[in-house]
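Right, one structure below, let's go through it.
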Amino acid sequence: MHSVVLQTTLDGLVDTFSGYLTNVIGFLVGFVVTYLVGRFVLIPLVRRVLDRRGFDRTVLSLVDSLMGVIVVVLALSIGFMSAGFPRFLTAAATLGGALALAVGFAAQDLVGNFVAGVFIIKDKPFEVGDWIEWNDNAGRVEDIDLRVSRVRTFDNERVTVPNGELANNAITNPVAYDTLRQKFVFGIGYGDDIDHATDCILEEAEGIDGILDDPAPSVRVTELGDSAVGLQSRFWIDEPDRSDFVRVRSEYVQAVKERFDEEGIDMPYVHRQLTGEVEVLESVAGDDAGGAD
1 MHSVVLQTTL
11 DGLVDTFSGY
21 LTNVIGFLVG
31 FVVTYLVGRF
41 VLIPLVRRVL
51 DRRGFDRTVL
61 SLVDSLMGVI
71 VVVLALSIGF
81 MSAGFPRFLT
91 AAATLGGALA
101 LAVGFAAQDL
111 VGNFVAGVFI
121 IKDKPFEVGD
131 WIEWNDNAGR
141 VEDIDLRVSR
151 VRTFDNERVT
161 VPNGELANNA
171 ITNPVAYDTL
181 RQKFVFGIGY
191 GDDIDHATDC
201 ILEEAEGIDG
211 ILDDPAPSVR
221 VTELGDSAVG
231 LQSRFWIDEP
241 DRSDFVRVRS
251 EYVQAVKERF
261 DEEGIDMPYV
271 HRQLTGEVEV
281 LESVAGDDAG
291 GAD
């Protein structure tokens, strides 16, 4: 009797162990096969497709990381299914969905900046080294990350800008093209010769290193101010960079000012004259005392 019970117990243990072993083997086979297929077939295929479409290296690196996580999760899921634990998979999926929803609400700004960073890297409204302007700010881009971009201002300050701010607002990139047009208004007196002043402005532009001959500089009358006639000079510079732009502009304005002085062309400024009367009231102490009496 005891031998029969012992045999039955041993058979039960063997069956239980065999069941567990089958589950473990099923999990390992499902996990390993899925992981290998994803790692050596799916990820290279996705990377090859994105590479052919010209995506940036940063985007490719990001996709590799995301695909790696997806492959591991998928391998675990198929492994548990192969081991015969569909309920575990359902519970894990439910818990994962709840966690993802909670994290999504808590980090929506972070996710928004992350997505904006991906679009900035893909669309390339600016690149590292460009001089950009946004929301009354300006500086040179030092680094573009997936969450933030770092900009060095012209006062040598570093500004860390969330990518969402740059992606959702108008960005001016003065160095996006090979040339850049600049404008400056010179004021002359109403009694001065406009044609002569225009010739002086154009001649000085020809002598400045950095101002292009093609397109050629031009001058237009743009305003009739309170004390001056405004002549707007439009000129183009090659390979625009903020340091070159400031230098060229400064040299040009100084040259025109000195030429106007030589030619006797007035550069009037606004002046105001106050007129009126001042009434002074004097009182004598004695008179005040007599009035008191």
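In full-length UniProt numbering, the protein residues as written are 1 to 293. We put the beta carbon where it would ideally sit given N, CA and C, even for glycine.
Shortest Cα-Cα distance from E165 to any of V46, R150, E262 involves R150. Boundaries of the beta strand (DSSP E) around R158: 158 to 162. Looking at the DSSP output, Q182 sits in a beta bridge with F235. Here the alpha carbon of G26 sits roughly 27 Å from the alpha carbon of L45. The residue from F80, T160, V229, R158 with its alpha-carbon nearest to that of D195 is V229.
For I265, no beta strand (DSSP E) run applies, since DSSP gives it neither H nor E.
Taken in chain order, the whole beta strand (DSSP E) runs of length 3 or more contained in the UniProt domain "Mechanosensitive ion channel MscS" (109 to 174) are 131 to 134, 137 to 144, 148 to 152, 158 to 162. Collapsing the DSSP output to three states places S218 in a strand. Inter-residue distance for V219 and N135 is about 30 Å (C-alpha atoms, whole angstroms). Spanning the alpha carbons of Y177 and I121 requires a straight line of approximately 18 Å.
Measuring C-alpha to C-alpha distances from D226 to each of E204, I188, R234, Q232 identifies I188 as the nearest.
In chain order, N163, G164, A167 place their CB closer than 6 Å to the CB of A116, counting only its own chain and leaving out the 5 sequence neighbours on each side.
Checking the DSSP bridge columns, you'll see L224 partnered with V229.
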